[in-house]
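4 protein chains.
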Amino acid sequence: MVKVAIAGASGYTGLELLRLLTIHPEVEITTVTSEKHQGQKVADVFPSFSGFSDLQFTSLTVSIANECDILFLALPHTTAMNQVPDFLEGSCRVVDLSADYRLKSQETFEQWYSFSHQQKETLDKAVYGLPELHRKSIRSAKLVANPGCYPTSVILALAPLVATDWVDLESIIADSKSGVSGAGRKLSINTQFAECNEAVSAYALGTHRHTPEIEQEISALAGREIRVTFSPHLMPMTRGLLSTIYINLTKDMELEELGKHYREFYKNEPFVRILNLGTFANTHYVVSSNFCDIGLQIDSRNRRIIITSAIDNLVKGAAGQAIQNMNIMLGIDEKTALDSPGMFP
Amino acid sequence: MVKVAIAGASGYTGLELLRLLTIHPEVEITTVTSEKHQGQKVADVFPSFSGFSDLQFTSLTVSIANECDILFLALPHTTAMNQVPDFLEGSCRVVDLSADYRLKSQETFEQWYSFSHQQKETLDKAVYGLPELHRKSIRSAKLVANPGCYPTSVILALAPLVATDWVDLESIIADSKSGVSGAGRKLSINTQFAECNEAVSAYALGTHRHTPEIEQEISALAGREIRVTFSPHLMPMTRGLLSTIYINLTKDMELEELGKHYREFYKNEPFVRILNLGTFANTHYVVSSNFCDIGLQIDSRNRRIIITSAIDNLVKGAAGQAIQNMNIMLGIDEKTALDSPGMFP
Amino acid sequence: MVKVAIAGASGYTGLELLRLLTIHPEVEITTVTSEKHQGQKVADVFPSFSGFSDLQFTSLTVSIANECDILFLALPHTTAMNQVPDFLEGSCRVVDLSADYRLKSQETFEQWYSFSHQQKETLDKAVYGLPELHRKSIRSAKLVANPGCYPTSVILALAPLVATDWVDLESIIADSKSGVSGAGRKLSINTQFAECNEAVSAYALGTHRHTPEIEQEISALAGREIRVTFSPHLMPMTRGLLSTIYINLTKDMELEELGKHYREFYKNEPFVRILNLGTFANTHYVVSSNFCDIGLQIDSRNRRIIITSAIDNLVKGAAGQAIQNMNIMLGIDEKTALDSPGMFP
Amino acid sequence: MVKVAIAGASGYTGLELLRLLTIHPEVEITTVTSEKHQGQKVADVFPSFSGFSDLQFTSLTVSIANECDILFLALPHTTAMNQVPDFLEGSCRVVDLSADYRLKSQETFEQWYSFSHQQKETLDKAVYGLPELHRKSIRSAKLVANPGCYPTSVILALAPLVATDWVDLESIIADSKSGVSGAGRKLSINTQFAECNEAVSAYALGTHRHTPEIEQEISALAGREIRVTFSPHLMPMTRGLLSTIYINLTKDMELEELGKHYREFYKNEPFVRILNLGTFANTHYVVSSNFCDIGLQIDSRNRRIIITSAIDNLVKGAAGQAIQNMNIMLGIDEKTALDSPGMFP
């Protein structure tokens, strides 16, 4: 059995790691930390785990790195950033679900996150954990930076197009719609029920921190710097994330050709599904699963491609993808604990 | 007192007309029709009207046109299209909330709605009922074609820009998010609770019938044919509609300048509010009201304007705007029955 | 114009007072307080009020009592309790929406609220503001204690039965279901969207503080001490409160007779509606309105009456009833600002 | 591998059977029927199954009984009632998720369902499939009548009390709150999103068809005829069912004693969890799982027990329990395919 620890297990991504790892046949969870709930039993705080876990939440210390083979960090950004080098001194490998090691460039961190990243050496070692693009590097990585939810949906939707000469990469617009759980479990007036229920709103237009993450990966694929307009929106639902992505065509093309290209591109990917032509992505079909569903459309009147991409923000957008990365790192079947259909209805 | 009749009063826009007209001090509702509920009392079918209405639903006949000064048609598209000329023979004036008389061109109807419009003469007389653009013509119109919910939010958001030379009108993309009531009250599997609750989905991308309506009005303002990409989405909420609109700048500009231009453009409009700079539109602040809230952003890295525009789809997007049109037609205060803040929370 | 001040105007009941008073033709709002937002404009914090209010939130001081004719206290329990005697020294009359003056007995406060109530004299003067039971005393009251949301729905449902000899008053069980806004606007993990969305839960079974409030009024009607079992539940919706109330019959009776009795009992009440027999209460028909809808059923197999009672917890359950009380105190039409149907859908 | 067929696989309980059986390691699904979707692939109609199922929906014929070892009937009541004897002629065993074989008495069917049940012989053979009460009979049953969702939650909550002499069995009141998926997938105005969203309503008070099902099982446990008052309510959520049950104590007792009794009663049950004392049931902790969570309270002022009982109506209330029954019938581990925690959030 692989020994696994979860730091920050009482947040929503931490809880989702717990839920999915509970049914993972090759994993034993050894440690779960929560500063807020330390000393309490998981099942007392979250009765859904009654009968599944006898663990108590503990406080996070560096020793955690020696108690496990895989350490998941499900902590707020920057909380454990400077501890990661110490964790890596231990025997474990780390999957960090925060943004702390996602960007390659210290300057970009400074520009978008307003802090000075001190761990250049560790940053250089980190692998961006999107298996569809970086599976090989993930396999041997000591530190995997698990992608953000928005970037996962947007990058997967765009990747098949970047290498083609069919589109104008300067024209990318990603309009994303996320469920409220994406904001995490910390108290906030904006995520109080009566504030966000029955409401759709835009936020951080053009300034959201997931923008450079998308740009980094698209630029790497394109071999040159690409910028995107990224617009997040908050939806009155708990889980689910839909991105609608616009990109100008540089030539006329048929939807069938586009569909064929996407199917070919992702033919070996277990968690990317290209929807039947004429069907657009719907978060309802992926909720609770690790799938990214991609729907395609060509607006031929305006020579634009419209891509829709749906994930469960807590699964493929966070905990599920982290476990997919763990499976790859351990050389076990990538689909273990993740091989189930979405919950509909 | 002005005598008012509502054809199709048991649908969602019909019910909203009833609700708002109930508090209109200068209106007496004389007739409400519903084929499904004819013979039943309004208050028996919809207990919210208990104490407010003793009316019974009747069947729609041409004689309705002689029983009222204003006839609201809140019927499914094409249901009453060929009766409208007959209605106009009567003493009443008509506000049609369906799409039947919104487009100027018979060809466009054929292309987008797949039917052949037989009422060219009446079509020529119809005024597109967006008060912010056509108040003067509405005043004397015999027939007002009340705008669709999506076009209302998109056209109001774009109008101030069209006359400027700041933007590339070929680059317009409108990504709209609507509550489920926009689909009407007829039974449909897609609008069953367990299907659309906790789900966000795209539909009719690039092919929605509100596209030519938007294009007609933007083109008229621009003085040349303009095409837009329009993408509707279904949200898990009852009311509210948010459009996020993208348009490329042809020059660098400051957000302050843009805000000033919008405030100036709409300074005399009672139902358009330009949000403080840095605040984006949120449907929560307009629900149950006739307001269209507009939020502005410039993505200077990509030289794009991002406009957010929020309405209640049943009020400013349907019944409220219809009453606003009626008030204008009757020469009474445009805000009558509509002058209240949104319901938050 | 009557001068009105709202203390605690940035909470949900305070905001609802603001919304409803905005459309009250005989009221001028002079002061709104909020410790959290003092110095900010109402319309900047809550854009729904843009165009309706130029007021700034201020801090609450005793001088407020001299700036208004009616002072609404929409503050958390005990916050202003000891200031109320000072407020009453001023020229104003007070409607307190907190629980601070609802109970007649200091002992009951101590027992259920765990504090020692120091204002016996003022407590004696306070009138329990349920117009259907205490209209006459409200008219001349200096201090009205506005009822809680749960008690409003339960007491109105039971009042017609208490004076009869048809039922066993020892058998009362009230099972109530409330929307989340009832918990107020303060931050709480239990009212975060992702916690209470898609969830129904019971809380404070048999121990909720609204229990003695219900018992006080039922006991007063009965002329002897009556105890009730009261069970509150949290519902995944913003507004609305439904109580289902069970009481054993001491004789067989027909539903028609029961219905007739209820209609007779409430025949002069503008805000209580007895639903058609066979129709049960649904919060959807009262949301945004000041109505209490009451549905009746007899379970003759078990000789029990089942009463359903629906209100909007923020209107008839708080702000609307407070304004109804104000109207009564001022001798103006009780329905002013409240005379509109619920918002359906 | 066990061969399994699902009749009525495109309804919500049918889809949930499909979802759970997809991850069942000992099952092969051979046939799925749907009159509405026959000829279509499951994954084309329900994209959540893309990658999991290549099956096509077929029409239901009697031959299905020879194509499988276990036949699940997930059809509307009475649809297949008269075919069941023919199915049982085949090689398969049947789990019927409809109400058709739940009641022992033809008279009770006639009284509550208004039809004359013609299959007395088969009725006599049917076993009521609540494993906690009838595990032994289920093991060898040819026909299992899978319990209704409401009865499952109510019977499990009451069973431990019936054999005691602590309570008055004439005083049982069950107030139940169900998510909308419980109403099934057929079109209905009451389950349209805009009708039931943001609304709580009571229906079928004292007359719901699940009443005799509850009474049958409680009476059997009590050894005499017991009647209950049962009140269903519709909640604005997709899944989840909470029952709050009231029963009068005939003596004073402590909560600790009650808790101990319940824990003892269910100590060997894998899917019933007694919550910590002071914690009440919340549907959020059981959604997507097969658990029934039971919370206990004593209202000592009124000498009443208040039991709260939460299930996922589609899992323990339908498909999950059906699979639990199948596992028992087949002699495999009862928890197979069901051994996972609820999805929170």
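Going line by line, the protein sequences match chains U, V, X and H.
Numbering of the first sequence is given in our numbering, commencing with residue 3 and proceeding in unit increments.
Numbering of the second sequence is given in our numbering, commencing with residue 3 and proceeding in unit increments.
Numbering of the third sequence is given in our numbering, commencing with residue 3 and proceeding in unit increments.
Numbering of the fourth sequence is given in our numbering, commencing with residue 3 and proceeding in unit increments.
Beta carbons are placed, not taken as given, at the ideal position from N, Cα and C, and that holds for glycine.
Between which residues of its own chain and residue i is the CB-CB distance below 8 Å, once the five residues before and five after are set aside?
{"i": "U:G181", "result": "M237, M239, T240, R241, G242, L243, T285 and N315"}
{"i": "V:I124", "result": "A small correction: the amino acid at residue 124 of chain V is Thr; Ile does not occupy that position in the sequence shown. V86, P87, L90, Y103 and L145, listed in sequence order."}
{"i": "U:Q323", "result": "G131, L132, P133, N148, P149, T154, N292 and V317"}
{"i": "X:H39", "result": "S12, V47 and F59"}
Could you list which residues in chain C have their beta carbon closer than 9 Å to that of residue i, in chain order?
{"i": "U:T281", "result": "Looking at the structure shown, chain C is missing, and the protein chains on hand are U, V, X and H."}
Below 6 Å CB to CB, which residues in the same chain sit around residue i once its five sequence neighbours on both sides are set aside?
{"i": "X:K43", "result": "Q58"}
{"i": "U:L62", "result": "A9 and T35"}
{"i": "X:T32", "result": "K5, A7, E69 and C70"}
Can you have a look at residue i and say buried or exposed, based on whether 16 or more other CB atoms are within 10 angstroms of its CB?
{"i": "X:V64", "result": "exposed"}
{"i": "U:M328", "result": "buried"}
{"i": "H:E30", "result": "exposed"}
{"i": "X:M345", "result": "buried"}
{"i": "X:T166", "result": "exposed"}
{"i": "V:G225", "result": "exposed"}
{"i": "V:H79", "result": "exposed"}
{"i": "V:S233", "result": "buried"}
{"i": "U:S93", "result": "exposed"}
When you compare the CB positions of residue i and residue j, do they come within less than 8 Å of one another, or not?
{"i": "U:L158", "j": "U:I330", "result": "no"}
{"i": "H:E28", "j": "H:I334", "result": "yes"}
{"i": "X:D254", "j": "X:S183", "result": "no"}
{"i": "X:L17", "j": "X:F54", "result": "no"}
{"i": "H:Q299", "j": "V:T193", "result": "no"}
{"i": "X:P343", "j": "V:R21", "result": "yes"}
{"i": "X:A67", "j": "H:A204", "result": "no"}
{"i": "X:S290", "j": "V:S142", "result": "no"}
{"i": "H:A185", "j": "H:V156", "result": "no"}
Helix, strand or coil, according to DSSP, for residue i in the structure here?
{"i": "H:Y248", "result": "strand"}
{"i": "U:T33", "result": "strand"}
{"i": "X:L135", "result": "helix"}
{"i": "U:P234", "result": "strand"}
Do we get a CB-CB distance below 8 Å when we pair residue i with the residues of chain H?
{"i": "V:Q40", "result": "no"}
{"i": "U:D56", "result": "no"}
{"i": "V:A196", "result": "yes"}
{"i": "U:D295", "result": "yes"}
{"i": "X:P347", "result": "yes"}
Would you verify that the beta carbon of residue i is, or is not, closer than 8 Å to some beta carbon of chain X?
{"i": "V:G53", "result": "yes"}
{"i": "U:L189", "result": "yes"}
{"i": "H:R306", "result": "yes"}
Looking at chain V, is there any beta carbon in it that lies within less than 8 Å of the beta carbon of residue i?
{"i": "X:T240", "result": "yes"}
{"i": "U:E271", "result": "no"}
{"i": "X:Y268", "result": "no"}
Apart from the five residues just before and just after residue i, which ones in its own chain have a Cβ nearer than 7 Å to its Cβ?
{"i": "X:L77", "result": "A9, G10 and S100"}
{"i": "H:I25", "result": "A339"}
{"i": "U:R265", "result": "I276"}
{"i": "X:S118", "result": "E112"}
{"i": "V:H136", "result": "V129 and Y130"}
Step through the CB atoms of chain U and report whether any lies within less than 8 Å of the CB of residue i.
{"i": "V:M237", "result": "yes"}
{"i": "V:Q299", "result": "yes"}
{"i": "V:T80", "result": "no"}
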